[in-house]
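Numbering (this note's numbering), first residue to last: 21 to 438.
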């Protein structure tokens with residue numbers, strides 16, 4: 021049996037943990053540079069505020085409605101997420117972290133449906149008691165059915181945060197109330213084609229011939245149908261495969277106009293991307309670097325890019341930063357007010373398949389990178405970093421509504437008066 025645990029409005033819910041004054045207030049969280057709404061708590065949603073809307077469009081309306089606006093506090097969200105996963109791991113044989121706000125659980129014991137339902141309530145209760153996050157829990161014999169049960173637990177009337185799809189009766193009752201677009205992996209384009217064939221809900225999709233779905237669509241949809249029918253087709257690696265390309269890119273809070281600032285920004289994103297590369301135990305054969313101004317500027321739009329290839333694939337931050345420095349002369353144009361910069365790691369392979377070059381020595385220092393990663397994991401992000409990124413980044417992204425990083429910064433620990 022599988023379960024999917026998913027947090028309700030993760031970012032907004034985390035903001036309410038360490039600021040009790042927000043518990044019963046509408047809260048919205050903004051994206052990088054306070055650009056768009058990326059999270060809204062249920063109270064804010066009931067007031068009509070939606071995700072992915074530019075903040076400037078709803079700024080005045082939010083102010084009138086008393087909505088509390090927060091900048092994205094990724095450091096806090098990641099730490100709280102880690103605590104939640106630690107609690108979840110106590111309940112299952114195996115835990116697979118799917119994203120910052122959801123994870124799959126695998127169970128070996130066989131229980132009655134009522135016992136699974138009760139376990140779901142116990143998981144919700146424990147996560148709330150230990151972490152103060154509201155979650156939904158869905159159980160199913162396949163990851164796709166667990167995902168569908170989670171949708172029912174959180175969105176359908178009659179459920180209180182826990183649902184099970186195991187028997188044929190449960191499949192028909194729940195999947196028939198679920199739009200085909202809500203099935204895991206069904207995108208907008210695929211939804212239109214399915215609806216044109218008369219497949220409007222998840223239950224109708226589950227009744228299709230897998231071979232027919234493969235013939236007219238793809239093996240991916242065939243596997244989705246088989247999973248909806250209760251046949252296990254996914255492994256952990258297929259649920260979240262290693263990325264073939266890794267990018268770190270961000271727009272600046274303040275325009276960058278000097279070569280030194282652009283060099284520091286490239287080094288910063290090289291660090292971020294390479295850390296992600298090591299986290300999935302991979303190596304990159306090449307890297308791409310780019311910098312651009314805004315297409316909305318009065319001056320002409322400029323986007324410069326450069327590609328670096330490595331004789332020996334690497335996940336050593338030093339090598340990526342060195343390549344970024346070499347690319348700088350091609351990227352920087354005097355007079356351009358840069359708005360966005362990025363680093364991409366390409367042609368990625370598993371590090372266990374490393375193939376060195378006979379004439380080029382491998383100069384990766386895996387021990388140094390391990391110390392760097394473990395130090396930052398233990399003492400907080402950016403405790404240790406490369407000097408190339410500088411120490412005062414005036415171009416850092418705009419976060420006017422940033423809340424305290426209450427669990428990772430000594431100087432920001434909440435004070436309690438009693």
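We put the CB at the ideal spot given by N, CA and C, even for glycine.
Buried versus exposed call for residue i [16 or more other C-beta atoms within 10 Å across all chains shown]
| i | result |
| --- | --- |
| residue 157 | buried |
| residue 239 | exposed |
| residue 316 | exposed |
| residue 178 | exposed |
| residue 404 | exposed |
| residue 41 | exposed |
| residue 139 | buried |
| residue 142 | exposed |
| residue 27 | buried |
| residue 333 | buried |
| residue 388 | exposed |
| residue 119 | exposed |
| residue 8 | Past the boundaries of the shown model lies residue 8; the chain is included only from 21 to 438, so the question cannot be answered. |
| residue 136 | buried |
| residue 278 | exposed |
| residue 227 | exposed |
| residue 301 | exposed |
| residue 132 | exposed |
| residue 83 | exposed |
| residue 63 | buried |
| residue 216 | exposed |
| residue 391 | exposed |
| residue 313 | buried |
| residue 409 | buried |
Reference residue i; option with closest CA among the options
| i | options | result |
| --- | --- | --- |
| residue 81 | 67, 90, 72 and 71 | 67 |
| residue 25 | 112, 419, 45 and 193 | 112 |
| residue 321 | 115, 353, 370 and 87 | 353 |
| residue 46 | 87, 323 and 272 | 87 |
| residue 366 | 149, 326 and 141 | 326 |
| residue 348 | 286, 312 and 355 | 286 |
| residue 54 | 73, 62 and 63 | 73 |
| residue 2 | 346, 21, 272 and 308 | An answer regarding residue 2 cannot be provided, because it is not within the stretch 21 to 438 covered by the chain. |
| residue 329 | 311, 303 and 313 | 303 |
| residue 339 | 277, 306 and 79 | 306 |
| residue 75 | 61, 62, 49 and 85 | 49 |
| residue 56 | 79, 62, 63 and 43 | 79 |
| residue 341 | 384, 192, 83 and 107 | 384 |
| residue 319 | 359, 226, 131 and 351 | 359 |
| residue 31 | 85, 429, 91 and 246 | 91 |
| residue 13 | 399, 296 and 269 | This structure does not reach residue 13, given that the chain is present from 21 up to 438, and the question cannot be answered. |
| residue 144 | 114, 183, 167 and 168 | 183 |
| residue 370 | 134, 324, 312 and 298 | 298 |
| residue 168 | 402, 23 and 400 | 23 |
| residue 251 | 166, 284 and 217 | 166 |
| residue 70 | 29, 52, 39 and 105 | 29 |
Spatial distance of residue i from residue j (CA atoms)
| i | j | result |
| --- | --- | --- |
| residue 161 | residue 281 | 52 angstroms |
| residue 236 | residue 209 | 14 angstroms |
| residue 427 | residue 159 | 31 angstroms |
| residue 148 | residue 386 | 39 angstroms |
| residue 230 | residue 249 | 10 angstroms |
| residue 382 | residue 293 | 20 angstroms |
| residue 275 | residue 164 | 44 angstroms |
| residue 110 | residue 96 | 22 angstroms |
| residue 89 | residue 432 | 19 angstroms |
| residue 128 | residue 423 | 41 angstroms |
| residue 117 | residue 125 | 9 angstroms |
| residue 181 | residue 60 | 19 angstroms |
| residue 343 | residue 93 | 30 angstroms |
| residue 107 | residue 121 | 13 angstroms |
| residue 192 | residue 291 | 49 angstroms |
| residue 254 | residue 242 | 12 angstroms |
| residue 77 | residue 421 | 17 angstroms |
| residue 402 | residue 396 | 6 angstroms |
| residue 21 | residue 130 | 8 angstroms |
| residue 331 | residue 436 | 56 angstroms |
| residue 324 | residue 288 | 18 angstroms |
| residue 233 | residue 214 | 10 angstroms |
| residue 246 | residue 123 | 22 angstroms |
| residue 430 | residue 438 | 20 angstroms |
| residue 104 | residue 355 | 48 angstroms |
Beta carbon proximity, residue i to chain C, threshold 9 angstroms
| i | result |
| --- | --- |
| residue 366 | As a matter of chain content, chain C is missing from the structure shown, which is built from one protein chain. |
Where in the region 87-157 do unbroken runs of the alpha helix (DSSP H), each at least 4 residues long, occur, reported from the N-terminal end onward?
-> Secondary structure within the region 87-157: the alpha helix (DSSP H) runs of 4 or more consecutive residues, fully enclosed, are 94-108 and 133-151 (chain order).
Can you list the alpha helix (DSSP H) stretches of 4 or more residues lying completely in the region 345-433, in chain order?
-> Restricting attention to alpha helix (DSSP H) runs no shorter than 4 residues, the region 345-433 encloses them at 386-399, ordered along the chain.
Quick one: any contact between the region 158-177 and the region 35-52, if contact means 3 or more CB pairs under 8 angstroms?
-> Contact check between the region 158-177 and the region 35-52: fewer than three CB pairs, one atom from each, fall below 8 angstroms, which does not count as touching.
Are the region 92-111 and the region 143-153 touching, with three or more C-beta to C-beta distances below 8 angstroms?
-> The count of Cβ pairs closer than 8 angstroms, one atom from the region 92-111 and one from the region 143-153, reaches three, so the stretches are in contact.
With contact counted as at least three CB pairs below 8 angstroms, one residue from each stretch, are the region 356-370 and the region 262-274 in contact?
-> Cβ pair count under 8 angstroms is three or more, so yes.
Count the C-beta pairs between the region 216-234 and the region 188-199 that are closer than 8 angstroms, then say yes if the count reaches three, no if not.
-> The region 216-234 makes contact with the region 188-199, as at least three CB pairs between them are under 8 angstroms.
Hey, is the region 204-220 in contact with the region 186-194, meaning 3+ C-beta pairs nearer than 8 angstroms?
-> Between the region 204-220 and the region 186-194, the count of C-beta pairs closer than 8 angstroms stays below three; the two stretches do not touch.
Continuous alpha helix (DSSP H) assignments of at least 4 residues falling wholly in the region 244-295 = As far as the region 244-295 is concerned, its whole alpha helix (DSSP H) runs of at least 4 residues are 256-259.
Taking the runs of the beta strand (DSSP E) that are 3 residues or longer, which of them lie wholly in the region 170-197?
-> You should have 182-184.
Kindly provide the ranges of any beta strand (DSSP E) runs that are 3 or more residues long and lie completely inside the region 23-50, ordered along the chain.
-> As far as the region 23-50 is concerned, its whole beta strand (DSSP E) runs of at least 3 residues are 47-50.
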